[in-house]
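Student: The structure under discussion is supplied below as structure tokens; questions concerning it will follow.
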Amino acid sequence: MIATFEASLARCLRHDGFLQTFYDKFLQSSPEVPRKFAGTDFDRQRKVLESSLYMVARAALGEEDGVEHLQHIAESHSRRRFDIGPSLYALWLDSLVATAREIDPEFDDHVEKCWRALLSANIDYMIDVYRRSRTTPPPRHPRT
Numbered sequence: 069m070i071a072t073f074e075a076s077l078a079r080c081l082r083h084d085g086f087l088q089t090f091y092d093k094f095l096q097s098s099p100e101v102p103r104k105f106a107g108t109d110f111d112r113q114r115k116v117l118e119s120s121l122y123m124v125a126r127a128a129l130g131e132e133d134g135v136e137h138l139q140h141i142a143e144s145h146s147r148r149r150f151d152i153g154p155s156l157y158a159l160w161l162d163s164l165v166a167t168a169r170e171i172d173p174e175f176d177d178h179v180e181k182c183w184r185a186l187l188s189a190n191i192d193y194m195i196d197v198y199r200r201s202r203t204t205p206p207p208r209h210p211r212t
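Listed below in structure tokens is the structure:
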């Protein structure tokens, strides 16, 4: 699953417009999304997302740097910082998968399942951190 995701991601990232196309779709997915990105430097944001996509694959493998990255991202997206609520993650994932399907010439139902399975596990963790963020510290990632 992880190898399939990484191979597809690499094909997508060889296309110069992949991340821009994703953000265009995501920003149009809900009126709330542009509000969350007000003032964002999208050149920097695209670089952050590219790195993060590889790091969440490492988190799925239980690699320490990936797990730490995921914990950092989850905390930054919690109520204490950017306040990215659970409803936005489905829009994010659907926008990302739709963009990958559009750009990756080898994208099929199996590849989509790999994208969704890997990213959904990480999203579930981030939502858990979000829901706990008012009163308790973030939980440890299940792979640690």
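In my numbering, the protein residues as written are 69 to 212. Don't be surprised by glycine CBs; every beta carbon is placed ideally from N, CA and C.
Does the segment 96-112 come close enough to the segment 186-193 to have 3 or more Cβ pairs within less than 8 Å?
Tutor: No, the segment 96-112 does not touch the segment 186-193.
Student: Output yes or no for whether 8 Å exceeds the beta carbon distance between residue 184 and residue 165.
Tutor: Yes; because the gap between Cβ atoms is below 8 Å, this pair is in contact.
Student: Using a Cβ-Cβ cut-off of 8 Å, state whether residue 195 counts as contacting chain D.
Tutor: No chain D appears in this structure, which consists of one protein chain only.
Student: Can you tell me where the alpha helix (DSSP H) holding residue 167 begins and where it ends?
Tutor: Unbroken alpha helix (DSSP H) run through residue 167: 154-171.
Student: Ignore the nearest five residues each way along the sequence and tell me which others in residue 145's own chain have a CB closer than 7 Å to its CB.
Tutor: Closer than 7 Å at Cβ, skipping near neighbours: 152, 194 and 198.
Student: Span of the alpha helix (DSSP H) holding residue 189?
Tutor: Start and end: 177-200.
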